[in-house]
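Per our numbering, the sequence shown starts with residue 257, numbered consecutively.
Read the structure below first, then the notes.
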Amino acid sequence: MRKKKIVIYLAIVSVAVNCFIGCSKNNVQHLEEPQSKPVESVLPSDSKPESKLPQTTESQEVTDVIQETADTKPSEEVPPSKEAEAKEFSYKDVANWQFVFSSGSGAWSTELEIREDGSFSGVYYDADMGDMGEKYPNGTYYYSRFRGYLEEPVKVNEYTYSTKIKEIQLQDKPGTEEIENGTKYVYSEAYGMNDAKKLYIYLPGVPIKDLPEEFIQWAYSSVDKDAIGEKLPFFGLYNEEPQLGFSSYELRHYPIDDEINTILQKAKKLEQKLDGNLSQNEMNLISYELYELWDNELNSMWKRMKEIVDPDEMKMVLKEQRKWIKEKEQKVKEAEEEIGGGSLLPFVKNQRATEYTRIRVYELAKYLRR
């Protein structure tokens with residue numbers, strides 16, 4: 257009888273030990289299991305296998321709990337805090353605004369557009385029809401086409417942000433000139449953006465009394481001072497060092513804006529692919545696809561421009577376009593010299609070409625907003 261009890265006791269101990277070891281093995285195996293990437297990031301949508309078993313993720317379980325709680329308990333409205341209501345400024349806020357620097361009289365003006373990624377482009381022009389000669393009976397045209405990038409905006413106060421120019425490039429060397437089609441072109445600085453050490457962006461609603469007098473004089477140069485209200489009704493841009501101020505107005509929405517936005521969304525999807533775990537060859541192919549996307553849009557816009565833009569104006573735009581092509585090719589060549597070869601070279605060249613082509617699309621869009 258005693259032996260029988262001992263046998264039963266040992267059997268119980270053996271079963272308990274086996275269960276413990278089995279559970280431990282399962283736990284260790286679960287902890288060491290590598291985390292795989294979602295299939296969605298690798299396979300296109302039309303090749304995803306259908307799951308035959310319902311899957312409940314941890315986030316879904318939490319959502320179910322929250323939903324159950326919401327169904328069983330009355331919800332209470334919690335008013336948002338002032339911090340939550342306050343919207344921080346970003347360049348996206350001015351992406352549909354045209355900045356203008358002008359005296360309000362005469363033929364000269366600087367027009368500037370800032371896009372949501374901080375890139376900008378603009379043009380300064382001034383005409384002097386009285387300055388003519390035998391070779392240029394149509395007068396003299398002062399001109400500057402420029403583009404560049406701004407640093408991230410820094411909040412100064414509720415209505416003011418500061419920034420600096422990270423990079424600026426002029427299409428033509430200032431001081432040079434040429435005669436074409438009876439007009440003398442004198443290439444100039446980017447008037448209004450030159451000598452810029454710090455720029456201030458003023459948000460609509462800022463009290464006029466809090467703004468620099470120099471900014472007000474430029475921004476309201478064509479407005480009767482008595483007609484100035486108590487608050488700024490537009491976005492303002494102030495070049496602090498030379499004390500120059502830009503006013504602005506909101507651009508009307510045109511079909512070309514929807515078209516470019518569609519291209520932008522497609523580009524973002526391709527850029528997201530580039531952030532994945534890809535081989536260099538795959539990155540090269542996607543980067544070329546990205547360049548081709550913007551290049552095709554540019555060519556499409558150009559064909560339409562030739563049909564609606566005044567022939568004389570189109571001659572000037574064609575002149576610009578030829579210079580832009582040379583500039584783009586030069587930048588791509590510089591990228592090749594920087595890299596020196598290797599499998600990375602096609603990717604870098606495509607990226608450089610894409611950057612210049614995308615900016616040019618935005619520059620030419622204004623001709624299709626008519």
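We put the CB at the ideal spot given by N, CA and C, even for glycine.
Owing to the predicted nature of the structure, the values given are computational and were not obtained by experimental measurement.
Quiz item: Any idea which residues DSSP pairs residue 383 with across the strands?
Solution: 397
Exercise. Tell me whether the beta-carbon of residue 621 lies closer than 8 angstroms to the beta-carbon of residue 605.
Key: no
Quiz item: residue 427 by DSSP, collapsed to three states: which one?
Solution: coil
Quiz item: So, is residue 401 buried or exposed, given that buried needs 16 or more other C-beta atoms within 10 angstroms?
Solution: buried
Quiz item: Between the Cα of residue 466 and the Cα atoms of 448, 412, 556 and 602, which residue gives the shortest distance?
Solution: 412
Quiz item: Is residue 380 near residue 448, with beta carbons less than 8 angstroms apart?
Solution: yes
Self-check item: Three-pair Cβ contact test at 8 angstroms for the stretch 565–579 versus the stretch 416–436
Solution: yes
Practice problem: Run through the stretch 449–496 for me and flag every whole beta strand (DSSP E) of 3 or more residues, listed as ranges in chain order. | Solution: 455–458 and 492–495
Quiz item: Taking the Cβ atom as the reference point for each residue, do residue 535 and residue 603 lie within a distance shorter than 8 angstroms?
Solution: no
Quiz item: Assuming residue 422 and residue 407 make a contact with CB atoms under 8 angstroms, what is their CB distance in whole Å?
Solution: 5 angstroms
Quiz item: By Cβ distance below 8 angstroms, which residues in the same chain neighbour residue 233 in space, the five residues on each side in sequence not counted?
Solution: Lying outside 257 to 626, the shown extent of the chain, residue 233 is not represented and no answer is given.
Quiz item: Between the C-alpha atoms of residue 525 and residue 552, what's the straight-line distance to the nearest angstrom?
Solution: 17 angstroms
Exercise. Within the same chain, show all residues whose beta-carbon is closer than 7 angstroms to that of residue 393, passing over the 5 residues directly before and after it, in chain order.
Key: 438
Quiz prompt | Contacts around residue 616, its chain only, beta-carbon distance under 7 angstroms, and the 5 residues preceding and following it disregarded | solution = 554 and 580
Quiz item: According to the neighbour-count rule (16 or more other Cβ atoms, all chains shown, within 10 Å of its Cβ), is residue 599 buried or exposed?
Solution: exposed
Quiz item: Can residue 347 and residue 373 be called in contact, C-beta distance under 8 angstroms?
Solution: yes
Quiz item: Which residues in the same chain have their Cβ closer than 6 angstroms to the Cβ of residue 388, if we skip the five residues on either side of it in sequence?
Solution: 395
Quiz item: What number of angstroms, rounded off, separates the C-alpha of residue 561 from the C-alpha of residue 610?
Solution: 21 angstroms
Quiz item: From residue 363 to residue 565, what does the alpha carbon distance come to, in whole angstroms?
Solution: 21 angstroms
Quiz item: Which term fits residue 435, buried or exposed, when burial requires 16 or more other beta carbons within 10 angstroms of its beta carbon?
Solution: exposed
Quiz prompt | 8 angstroms Cβ cutoff met for residue 242 and residue 444 | solution = Since the displayed the chain opens at 257 and closes at 626, residue 242 lies outside it and no answer follows.
Self-check item: Endpoints, the alpha helix (DSSP H) within which residue 345 is located
Solution: Run containing residue 345: none; DSSP gives neither H nor E here.
Quiz prompt | Under the three-state DSSP convention, the category residue 506 falls into | solution = strand
Self-check item: Beta-carbon proximity list for residue 614, same chain, < 6 angstroms, skipping 5 on both sides
Solution: 550
Quiz item: Do you know how far the Cα of residue 559 is from the Cα of residue 624?
Solution: 11 angstroms
Quiz item: Helix, strand or coil for residue 280 per DSSP?
Solution: Unreliable placement is indicated for residue 280, whose pLDDT of 40 sits below 50; the coordinate value is still reported in the next sentence. Three-state DSSP puts residue 280 in a helix.
Quiz item: Straight-line CA distance for residue 540 to residue 587?
Solution: 18 angstroms
Quiz item: Under a Cβ-count criterion, where at least 16 other Cβ atoms within 10 Å of its own Cβ denotes burial, should residue 463 be classed as buried or exposed?
Solution: exposed
Quiz item: Alpha carbon to alpha carbon, what distance is there between residue 405 and residue 419?
Solution: 11 angstroms
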